[in-house]
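Engineer: Quick one: the structure is below, questions incoming.
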Amino acid sequence: MADLSDLRTRIDAIDKAIVELLADRMNVCREVAEIKETTGATVIQPQRVRDVLASRRQWAIDCGVDADFAEQLFRILLSETHRIEVAESRQEPAPTKEAGNTTRSELDTVACRIDHVVVAVADLPAATKFFSGMGFTTTATDDS
Numbered sequence: 017m018a019d020l021s022d023l024r025t026r027i028d029a030i031d032k033a034i035v036e037l038l039a040d041r042m043n044v045c046r047e048v049a050e051i052k053e054t055t056g057a058t059v060i061q062p063q064r065v066r067d068v069l070a071s072r073r074q075w076a077i078d079c080g081v082d083a084d085f086a087e088q089l090f091r092i093l094l095s096e097t098h099r100i101e102v103a104e105s106r107q108e109p110a111p112t113k114e115a116g117n118t119t120r121s122e123l124d125t126v127a128c129r130i131d132h133v134v135v136a137v138a139d140l141p142a143a144t145k146f147f148s149g150m151g152f153t154t155t156a157t158d159d160s
């Protein structure tokens with residue numbers, strides 16, 4: 017039986033390998049972002065997201081890992097992937113902290129880690145169409 021120190025050393029090595037694999041994944045995602053930008057493909061492709069989540073859940077089940085945990089993990093990875101793809105496709109650099117007081121005509125911050133948001137818009141159908149094109153969906157609420 018291994019002692020606690022040996023097990024922690026093994027966990028540290030596994031965690032390092034995970035981080036190295038994450039770096040590889042993010043580099044491939046940057047290549048995907050370049051292709052999507054040159055071909056005009058949308059950043060978020062809902063069917064691809066569904067396919068990825070379904071296959072990763074099955075892989076988790078096959079490996080004896082909780083499928084819900086695996087889905088949460090891959091949702092985080094997809095969120096970061098989408099953030100990278102959007103950041104890579106920006107025509108202008110993201111604003112610095114000092115730039116916060118100036119007027120801008122375009123969205124300065126892109127966040128993919130949002131569960132819900134409330135924003136007043138002048139043209140709701142146009143806003144809905146824009147965000148639908150990015151892969152977002154609307155959800156009815158009981159707030160009416």
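Residue numbers are given in the numbering used here: position 45 of the sequence shown equals residue 61, and the series is strictly consecutive.
Idealized CB from N, CA, C, for every residue including glycine.
This one's a predicted model, so the numbers in the text were calculated from it and none came from an experiment.
1) Can you name, in chain order, every residue of its own chain whose Cβ lies under 7 Å from the Cβ of residue 2, other than the five neighbours on each side?
2) Does residue 73 get closer than 8 Å to chain D when you measure Cβ to Cβ?
3) At which residues does the alpha helix (DSSP H) containing residue 55 begin and terminate?
4) Tell me the residue span of the alpha helix (DSSP H) that contains residue 70.
5) Given residue 42, which residues of its chain have a CB within under 8 Å of its CB, disregarding the five upstream and five downstream residues?
6) For the alpha helix (DSSP H) that contains residue 149, what are its first and last residues?
7) In whole angstroms, what is the alpha-carbon distance linking residue 53 and residue 21?
8) Could you give the distance in angstroms between the alpha-carbon of residue 139 and the alpha-carbon of residue 146?
9) Using DSSP with H/G/I as helix, E/B as strand and the rest coil, what is residue 156?
10) Determine the direct distance from the alpha carbon of residue 19 to that of residue 44, and round the result to whole angstroms.
11) Should residue 35 go down as buried or exposed, given a rule of 16 or more other Cβ atoms within 10 Å for buried?
12) Thinking C-beta only, is residue 64 closer than 8 Å to residue 90?
Structural biologist: According to the structure shown:
1) No statement about residue 2 is possible, as the shown extent of the chain runs from 17 to 160 and does not include it.
2) Among the chains of the structure shown, chain D does not appear; only one protein chain is present.
3) Your numbering for residue 55 matches position 39 in the sequence shown. Looking at the DSSP string, the run of the alpha helix (DSSP H) that includes residue 55 is 20-55.
4) For this step, residue 70 is matched to residue 54 along the sequence shown. Note, residue 70: alpha helix (DSSP H), 62-79.
5) Taking the sequence shown and counting its residues from 1, the one referred to as residue 42 is at position 26. Closer than 8 Å at the Cβ level, and outside the excluded window around residue 42, lie 96, 97, 100.
6) Within the sequence shown, numbered from 1, the residue matching residue 149 stands at position 133. 140-149 is the span of the alpha helix (DSSP H), which, as asked, contains residue 149.
7) Here residue 53 refers to the residue found at position 37 when the sequence shown is read from its first residue. Here residue 21 refers to the residue found at position 5 when the sequence shown is read from its first residue. If I take the Cα positions, the gap works out to 48 Å.
8) Residue mapping note: residue 139 aligns to position 123 of the sequence shown, counting from 1. Residue mapping note: residue 146 aligns to position 130 of the sequence shown, counting from 1. The alpha-carbon of residue 139 is positioned some 11 Å away from that of residue 146.
9) Taking the first residue of the sequence shown as 1, we reach residue 156 at position 140. DSSP places residue 156 in coil when its eight states are reduced to three.
10) Against the sequence shown, residue 44 aligns to sequence position 28. Against the sequence shown, residue 19 aligns to sequence position 3. Roughly 38 Å between the two C-alpha positions.
11) Residue 35 sits at position 19 when you count from the first residue of the sequence shown. Burial call: exposed.
12) For the purposes of this step, residue 90 is taken as the residue at position 74 of the sequence shown. For the purposes of this step, residue 64 is taken as the residue at position 48 of the sequence shown. Taking C-beta atoms as the reference points, residue 90 and residue 64 fail to come closer than 8 Å.
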